[in-house]
Amino acid sequence: MTKVILIEDEPAALNYLIEILTSTYRGKLQILGTSDTVEGGIALIIDTKPDLVFLDIELKDGIGFEILNHFSENVNFEVIFTSGHIDYKEKAMDYFAFYFLSKPIQMEKFTRVIDRYLLKKTAFDFEKYQVEEAVRKFRQGDVKAPKFESQTEPG
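Next up, the structure:
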């Protein structure tokens, strides 16, 4: 199950996101918590180690980018920005956002983005499983390492 947190300071937007996530993705996504501030968002990420973060850009005590700056090179979660400020879209992409959803968020677009995220995550998890399984078999001696022969061209 994908662990999710929501960092959003608009109660109506937060409730809308929670409603869609819990009704449409029950059993696939687990909401671990919410925050409406930069400081609270940082603490929530540290405490919960989410897979996916829904991040508003303008928060009560600052800008959502401050959260990502705090983690700098240790960002090990995907980010879907949710903002009514389209002028931040390019900057959001500089942070390698999975997606930028413009407010008001349309349910059809929202579900399409989440479905794409889940498909990507499933493919990545399957690939990771295959690599881990191959390593496990190799360590147990079930599989031998491939031999590579040096091929030189005549002459």
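For the sequence shown, our numbering gives the first residue as 15, with consecutive numbering after it.
Just so you know, even glycine gets a beta-carbon here, dropped at the ideal spot from N, CA and C.
Query	Result
Burial state of leucine 133, where buried means 16 or more other Cβ atoms lie within 10 Å	exposed
Segment limits, alpha helix (DSSP H) that includes valine 52	52-62
Length of the line joining the Cα atoms of lysine 117 and serine 97	5 Å
For phenylalanine 112, the nearest candidate out of Met121, Asp101, Phe95 and His99 (CA to CA)	Phe95
Exposed unless 16 or more other CB atoms sit within 10 angstroms - verdict on alanine 106	buried
Cβ-Cβ distance between isoleucine 32 and glycine 78 below 8 Å	no
Option in His99, Gly155 and Glu92 with minimal Cα separation from arginine 130	Glu92
Nearest residue (CA-CA) to leucine 73, options Thr48, Met15, Gln154 and Gln120	Thr48
Start-to-end residues for the alpha helix (DSSP H) that takes in aspartate 11	Because the chain here runs from 15 to 169, residue 11 falls outside it and cannot be looked at.
Element boundaries [alpha helix (DSSP H), containing serine 37]	25-38
Check: glycine 55 C-beta below 7 Å from any heavy atom of the ligand NAP	Looking for the ligand NAP in the displayed structure turns up nothing, as the structure carries no ligands at all.
Bounding residues of the beta strand (DSSP E) (the contiguous stretch that carries phenylalanine 114)	113-116
Cβ-based burial, aspartate 23 [other Cβ within 10 Å; buried from 16]	buried
Environment of phenylalanine 85 [buried if 16+ CB atoms lie within 10 Å]	exposed
For glutamine 120, the three-state DSSP class (helix, strand or coil)	coil
Which of helix, strand or coil DSSP assigns to phenylalanine 85	helix
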